[in-house]
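Protein chains in written order, with our numbering: chain L, 1 to 95; chain E, 96 to 407. The C-beta atom is built at its ideal place from N, Cα and C for all residues, glycine as well. Since this is a predicted model, take the numbers as computed values, not measurements. One structure below.
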């Protein structure tokens, strides 16, 4: 008999409405329903959340540590994207 | 790549940065983590067995509810840890197989029997107390998924230790027979608990690398000393006696001097000769085998769902 644990799923939990979903861990399950039930049993036993997302780990696309330099570099030389780049005259109040 | 990778790795450790699954890491670091995390996971799962022994015999409905919740938590801790180990490239099946064939180790403490209800108190208080001491340190371990699992586990463990101490309190302040039962449990669990921190530093084969790689931040002996210092006050409150007759406060080191556990016994239990090694492995194997049809049915159902999705 073939024996395995089912594919891996990533679990995201939202503490309460209005807050972002945050990754909390992963688990094995054979289908969506089982993944959701296992996520509830495993990650929300103490009121950690009121909403869950589960997604197959194999469906996640991620960046690679080796590419950090070239991949994220463009954001480092654009200091004009930050509010501190700009000078606001005294006397105009809070902006 | 590898020379550069090693430099990046060492640089991260030097800066107290965290290593993540896709980062380059030395083979031995990976192997060390797989061994340590999988053993840790196995310990959580096997640790359910001695406590499970008392679920049907808990002395009250409240005690039963609490124990069920605790054992369920231990199962959850095992699952967090297995997936953390899987992020290093080993499969769940490989790990379970290593456990079931006796190739993998788990904490020697779970090879001792739970003879009375007081043992459930002693396990929560002493065994979980010792585990927490180790796990608090591991929240800052250098491998990200392991550290994150530890943060969740530590949040849940403090209830375990408190419920154990509550059981001990009730017995210690109960009838003389109950107090005697509590003392007997303390006598039997004291030294096996001290063994949980592992062999003395001078003989610990894996400690050097673990400290160097910041997997561990404190040594076995340091953690053991802290545990003894903290626990003696709790024993005194219960009006019980520590079975170590050499126990003595040492003002110079601001800690207790205490007797080492029997390391010959420790090695013997680790190598399969403890009172319950055989029983634990049999129970694990039986549970896994009994669940086989469930996994097969779940897989067949999932396959069928996938087919019908494709067809539709």
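Check whether chain L comes within 7 Å of residue i, counting only Cβ atoms and requiring the distance to be less than that.
i	result
residue 276/E	no
residue 187/E	yes
residue 97/E	Low confidence applies here, because residue 97/E scores a pLDDT of 48, under 50, leaving its location unreliable; read the following figure in that light. No, because no Cβ of chain L sits closer than 7 Å to the Cβ of residue 97/E.
residue 394/E	yes
residue 118/E	yes
residue 113/E	no
residue 199/E	no
residue 400/E	yes
residue 397/E	yes
Am I right that residue i and residue j are in contact with their C-beta atoms under 8 Å? What's the rounded C-beta distance?
i	j	result
residue 259/E	residue 217/E	7 Å
residue 370/E	residue 201/E	Contact doesn't hold; Cβ gap of about 15 Å is too wide.
residue 69/L	residue 15/L	That pair is no contact at about 35 Å.
residue 209/E	residue 148/E	5 Å
residue 12/L	residue 52/L	7 Å
residue 17/L	residue 27/L	Not really, about 24 Å apart at Cβ, beyond 8 Å.
residue 293/E	residue 262/E	Actually they are not in contact, since the Cβ atoms of residue 293/E and residue 262/E sit about 27 Å apart, beyond 8 Å.
residue 396/E	residue 30/L	7 Å
residue 225/E	residue 322/E	5 Å
residue 247/E	residue 175/E	6 Å
residue 295/E	residue 316/E	6 Å
residue 356/E	residue 281/E	So it is not a contact: roughly 14 Å between Cβ atoms.
Start and end of the alpha helix (DSSP H) containing residue i?
i	result
residue 301/E	Looking at the DSSP string, residue 301/E is not in any alpha helix (DSSP H), and its letter there is neither H nor E.
residue 93/L	Run containing residue 93/L: none; DSSP gives neither H nor E here.
residue 341/E	Neither: residue 341/E is in no alpha helix (DSSP H) and is coded neither H nor E.
residue 335/E	Counting along the chain, residue 335/E falls outside any alpha helix (DSSP H), and DSSP gives it neither H nor E.
residue 55/L	Taken as a continuous stretch (DSSP letters only), residue 55/L belongs to no alpha helix (DSSP H), being part of the beta strand (DSSP E) at 51 to 56.
residue 214/E	212 to 217
Give me the Cα-Cα distance between residue i and residue j, rounded to the nearest whole angstrom.
i	j	result
residue 199/E	residue 193/E	5 Å
residue 5/L	residue 165/E	24 Å
residue 268/E	residue 374/E	34 Å
residue 97/E	residue 106/E	Reliability of the predicted coordinates at residue 97/E is poor, the pLDDT of 48 falling under 50, and no value is obtained from them.
residue 1/L	residue 314/E	Here residue 1/L scores only 40 on pLDDT, less than 50, and its place in the model should not be relied on; the value that follows carries that caveat. Computed Cα separation, rounded: 45 Å.
residue 39/L	residue 264/E	35 Å
residue 132/E	residue 102/E	25 Å
residue 190/E	residue 56/L	21 Å
residue 104/E	residue 312/E	17 Å
residue 150/E	residue 196/E	27 Å
residue 153/E	residue 24/L	33 Å
residue 337/E	residue 141/E	27 Å
residue 391/E	residue 354/E	51 Å
residue 120/E	residue 100/E	7 Å
residue 8/L	residue 41/L	16 Å
residue 284/E	residue 223/E	12 Å
residue 385/E	residue 162/E	23 Å
residue 245/E	residue 143/E	18 Å
residue 241/E	residue 146/E	25 Å
residue 60/L	residue 118/E	17 Å
residue 115/E	residue 213/E	42 Å
residue 231/E	residue 253/E	11 Å
residue 402/E	residue 32/L	15 Å
residue 345/E	residue 319/E	15 Å
residue 182/E	residue 108/E	19 Å
Would you kindly report the start and end of the unbroken beta strand (DSSP E) that includes residue i?
i	result
residue 12/L	8 to 14
residue 147/E	That residue, residue 147/E, is in no beta strand (DSSP E); its alpha helix (DSSP H) goes 143 to 147.
residue 223/E	Not the beta strand (DSSP E): residue 223/E falls in the alpha helix (DSSP H), residues 223 to 233.
residue 183/E	Element bounds for residue 183/E: n/a, residue is neither H nor E.
residue 25/L	22 to 28
residue 86/L	Neither: residue 86/L is in no beta strand (DSSP E) and is coded neither H nor E.
residue 286/E	Note, residue 286/E: premise wrong, no beta strand (DSSP E); alpha helix (DSSP H) at 271 to 290.
residue 241/E	Unbroken run through residue 241/E is the alpha helix (DSSP H), 239 to 267; no beta strand (DSSP E).
residue 69/L	Residue 69/L -> not in any beta strand (DSSP E); alpha helix (DSSP H) instead, spanning 68 to 72.
Would you say residue i reaches chain E, if we count a Cβ-Cβ gap shorter than 7 Å as a contact?
i	result
residue 93/L	no
residue 90/L	no
residue 37/L	no
residue 21/L	no
residue 5/L	yes
residue 52/L	no
residue 30/L	yes
residue 1/L	Low confidence applies here, because residue 1/L scores a pLDDT of 40, under 50, leaving its location unreliable; read the following figure in that light. Yes, residue 1/L lies at the interface with chain E (some Cβ there is under 7 Å from its Cβ).
Given 6 Å as the limit, tell me if residue i has its C-beta closer than that to any heavy atom belonging to the ligand ADP.
i	result
residue 364/E	This structure simply doesn't include the ligand ADP, nor any ligand for that matter.
_Closer than 7 Å between beta carbons: that is the criterion. Which residues of the segment 55 to 82 of chain L meet it against chain E?_
64, 65
*For the segment 149 to 180 of chain E, which residues have a beta carbon sitting closer than 7 Å to at least one beta carbon of chain L?*
171, 174, 175, 178
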